[in-house]
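One structure is given here, and the rest of the page talks about it.
Residue numbers (UniProt numbering): 1 to 1265.
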């Protein structure tokens, strides 16, 4: 056994030596972390140990005595106490009751009912205390149950995650150290963890080594940022060579990791690891984040640095900012109005009660002798009327409490949840290709979807597919690629250009080919574009370079280097299908995937990546055959938004060193060699033409490096990458600048990001609905403008106001590099251009304008002294396009529009750079696209395609707004009807504080007898069908103009409640007061009168639904009649209970009401009379003052009712045809769309009011759509 152990030890050492030597031969500087031995850091400027960088982690401390000071050990013990279990719940067992109650009593109505319940337990109570508190308890308990269920589900998810298992290096029962299974929640900082393929990382780890010889691993970060492409990670050489297997960790102890404190930055990490007294820098390349998954790697080892809520994913799990709809905010103001009204009538009631009490004493004797107050009774004491009035005020506050709809909030929550369910299950917003339905992530803003005034949208991935296709390129001054883009087709349509059958028939001798192409439109192109490409990402057609024909071109050497750069300069990972042999690529962006695919299709196949380099299968020009060539990757200079370029330094098989660079033209042309002017101007011209065609462009260039030049750069670059000082990024940029200069131009690429299906039609429809659309994009101005034309955002004849700093004087100042003068001149220029634009807009009559502004100008336009002027100009334009916008600028523009206009804004995007504006807008919509799920996770609603926004807003948004508005108004109506009858009866009885109805009957009014119909209305009602919502988009303007929830309509419903209450009370009292109630001659008493009036109210508010609701389903009918039936069930059941509980209603229905004909007759007549005011109002309004939906309801009714039109109504049929033409025609956007919609409505209004058959469609109720 000893021999075997010695042999195993020897073999292990041999493997480690082999592995160490292999790694040391590698010169790959893998994307972020140097593979060089550590260098001494300048600790004078090191951030480690300073504020924000104070975490100290003892690696595997329990396995050996760490060589650290006692204070570090103590610090480590504190960190070790941090648990790895997570909790996303809002409550726990001890905090649920207080926290949930606190949430409920943030609502003013609930506070009122709590105070009212408190009064109920005093001698001032108007009715039984239990009946007063029961409705509040029911509402609170229902809401708390809902909260508890949601929190329980979160707890179940947390438990499932916390109980996952992974392997941790720990001591077992046999005292031996090995990797053993442990639950995630038991992991501590400093533990060494082994994670296997396709497992999630249980905490934030520093990578120590992996199953790959070169210590790399592949990570999928979908759960973090939604991106499906794999990320490459790599450990430090010092750990990968010494820790290759499980056994090596038995002697590994005493290492110390010093790093930054917990934070939310996913893509940054600063720290170092100290091993044997030597410090080695750590970077994001060694950080494995919790909830990311290990892919294409058998296993990895890592040390835990952050656990639980300290991990970066949990630090990022911030709640989306709380948003409330405008309707809900206004509802709160209405509640305050009702509370004020309640106080007013309570004061009136108490004043009159005090007067009546004071007048009760006459000649020393009481007029109302039956009250008999004694010395302890204050309430009716005529000697103390002021005190009696004050006490009566509290009684009145409790008695009239039914003015406040206690069940309104919980009913709205139920309705909104059900509305969200319908949105989530709408098959018309389901994207079959990606199996993605719409998802209302919050139901709080349903009605806000129907009030959107301005949409702010990203372009790439939102209006476009973010599925890049390599379509054209310029190499050595010659343009290649004969494809026609969607923007070019739109340009041809605008210019009325001739149509050709095939772009291949064009003059093949034309080097440019672009100028001629953009004037032609292939009729077959439109159809072909919808077909799936034979090769995804490659839509390039040009026989001059395809099929290896490029070898016959004049500058074949430049073409060869161009394609080689595409195949080498990237970070893609190839994956080979073992069965078919096909190669697919995991890329960090769709652009990179398109470049690599293009290189493959044109003869340069990238098929293998190792730590040390890449392998290509190239077309050899001399032999005409495919040959395998390898390129050693020496350095990778990463792309970022500041550099706007990416470079790789490679060494070919002949030992030559090359720098390959690709980047934006704005930074690349200034880095070209001074002698490099042969085809520079032509290439720039091609780039401009590509931009005009709506294509995304990059410039490609290279240079050969000498050995000594590269050695100097490598030393500088290595030192910069290993630095942990505050200026690390600046040092890296300085090192890169040493070689990214004097480049040789190869050419430029052009990829097309196609418009999503249905985008132009959707934008046109939204514009017809009167919604303004702003595009905030990072693209060049020319590209953005042409995309605007292609997607119908801009139209021919629309005047453009362009604000830019690309002027001669500004450019001259930039060359002088006088920052102060440049800033002042830029600010003055932007202000001047804004003022000139405002003058144009103000002076125009009927013209439509489009505002286009670039990112530099936008910076100054958003400053405090110019932003109001900019907003005034922008809102006067039909379309706004902000080019070269940064994520921060997108958020600032959104905030400016939201706060400056006071209107509802909607922001829609698909990428992490859109999160700011999505959270800033009133409503954020995320598109689940190729850029990840960060936008979706930050959004309020998510959809798969931009075109679904049309149905989301025009159908569901309008329905939700209409339903919620009507529902709230109806709630106020029914509660005022009920509350006013209480006030009238109180006045009728000299403000005695006596309730008109039985206490438990009052308690059940909101909860049982009237809640179901209004909930059904809020879920199922449709004032206009989905087809007509889309057919007549101007109907949507009811929301932005707030026509259905304006104060006039709210007050109208309240007055309807007052009128209904007056009719019910006085007719019921007059009908039953002075006549025999039953055949035995008995007259009605308080109980029978109250029960009769209550019955009339239940019938009236239920049947009101048949006048209010436009669209009925079986559910609504059942809810209405069930509510009425519940009252008739309640009466005999409650009346059969002992009189000590049922009090005044003991046997009232069986013995008094049911057998009295007058009860049934009064119920019928009074109910009918109470509905007459609203019915009359509805007829008059529909006839003379119709809303938008009234007109469309009439039109729908006319279309269905007249299968065979008669001569007298031919005008109506003709009107329908005119309307149909108006509704489907294309219009401009913004202002022009509003004018078109207004013209249609005006035309409709005139003929509508003149229709001789209007009466047939005054109140249109239907169950057939």
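Glycine included, every Cβ here is placed at the ideal spot set by N, Cα and C.
Please read all numbers here as calculations on a predicted model, not as lab measurements.
Identity of the residue in the options nearest residue i by Cα
i            : options              : result
residue 447  : 432, 426, 416        : 416
residue 578  : 607, 569, 592, 590   : 607
residue 662  : 721, 650, 646        : 646
residue 907  : 940, 877, 841        : 940
residue 200  : 298, 822, 869, 713   : 298
residue 833  : 846, 805, 814, 848   : 805
residue 285  : 301, 267, 746        : 267
residue 191  : 180, 198, 197        : 180
residue 924  : 1026, 441, 830, 1121 : 441
residue 689  : 636, 673, 481, 198   : 481
residue 1090 : 988, 1045, 826       : 988
residue 757  : 486, 896, 957, 683   : 486
residue 116  : 276, 140, 54, 136    : 136
residue 458  : 818, 88, 884         : 884
Cross-strand partners of residue i (DSSP beta bridge)
i           : result
residue 629 : 616
residue 167 : 181, 194
residue 747 : 475, 700
residue 274 : 256, 279
residue 942 : 439, 926
residue 301 : 194, 209
residue 58  : 256
residue 658 : 650, 704
residue 217 : 233
Distance, residue j Cα to residue i Cα
i            : j            : result
residue 779  : residue 539  : 21 angstroms
residue 823  : residue 899  : 27 angstroms
residue 963  : residue 1014 : 10 angstroms
residue 738  : residue 665  : 19 angstroms
residue 585  : residue 287  : 23 angstroms
residue 1195 : residue 435  : 37 angstroms
residue 1111 : residue 1102 : 15 angstroms
residue 195  : residue 279  : 26 angstroms
residue 1067 : residue 1166 : 6 angstroms
residue 31   : residue 637  : Any answer about residue 31 is weak, because its pLDDT of 33 lies below 50 and its placement is not dependable; what the coordinates show is given next. Computed Cα separation, rounded: 7 angstroms.
residue 1004 : residue 986  : 20 angstroms
residue 1286 : residue 635  : Residue 1286 cannot be examined here, being either before or after the span of the chain that is shown, 1 to 1265.
residue 523  : residue 484  : Because residue 523 sits at a pLDDT of 33, beneath the cut-off of 50, its placement in the model cannot be relied upon, and the point is left open.
residue 425  : residue 1092 : 44 angstroms
residue 336  : residue 411  : 19 angstroms
Rounded Cβ spacing between residue i and residue j (contact assumed at less than 8 angstroms)
i            : j            : result
residue 982  : residue 430  : Actually they are not in contact, since the Cβ atoms of residue 982 and residue 430 sit about 50 angstroms apart, beyond 8 angstroms.
residue 1272 : residue 781  : The chain is shown only over 1 to 1265; residue 1272 falls outside these bounds and no answer can be derived.
residue 894  : residue 921  : 5 angstroms
residue 461  : residue 927  : 7 angstroms
residue 872  : residue 903  : Not really, about 14 angstroms apart at Cβ, beyond 8 angstroms.
residue 754  : residue 464  : 6 angstroms
residue 1170 : residue 1100 : 4 angstroms
Any non-hydrogen atom of the ligand SAH closer than 7 angstroms to residue i Cβ
i           : result
residue 904 : Looking at this structure, you won't find the ligand SAH or any other ligand, since it has none at all.
(Q) Across the stretch 95-108 and the stretch 279-297, are there enough close Cβ pairs to call them in contact, namely three or more that are closer than 8 angstroms? (A) The stretch 95-108 is not in contact with the stretch 279-297.
Q: Could you say if the stretch 346-363 and the stretch 409-424 meet the contact criterion of at least three C-beta pairs nearer than 8 angstroms?
A: With the cut-off at 8 angstroms, the stretch 346-363 and the stretch 409-424 do not touch.
**Q.** Cβ contact check for the stretch 722-740 and the stretch 436-451: 3 or more pairs under 8 angstroms
**A.** no
Q: Examine the Cβ distances between the stretch 766-777 and the stretch 1030-1041 and report whether three or more of them are shorter than 8 angstroms.
A: yes
Q) For the stretch 482-492 against the stretch 609-619, are there 3 or more C-beta pairs whose distance is under 8 angstroms? A) no
Q.
Under 8 angstroms, with one C-beta from each stretch per pair, do the stretch 1006-1017 and the stretch 1053-1071 reach the 3-pair mark?
A. no
Q. Below 8 angstroms, can you find three or more Cβ-Cβ pairs linking the stretch 952-969 to the stretch 470-484?
A. Too few Cβ pairs lie closer than 8 angstroms, so no.
Q. Contact between the stretch 1019-1026 and the stretch 941-949: three or more CB pairs below 8 angstroms?
A. Cβ pair count under 8 angstroms is below three, so no.
Q. Quick check: the stretch 325-337 against the stretch 255-265, are there 3 or more CB pairs under 8 angstroms?
A. no
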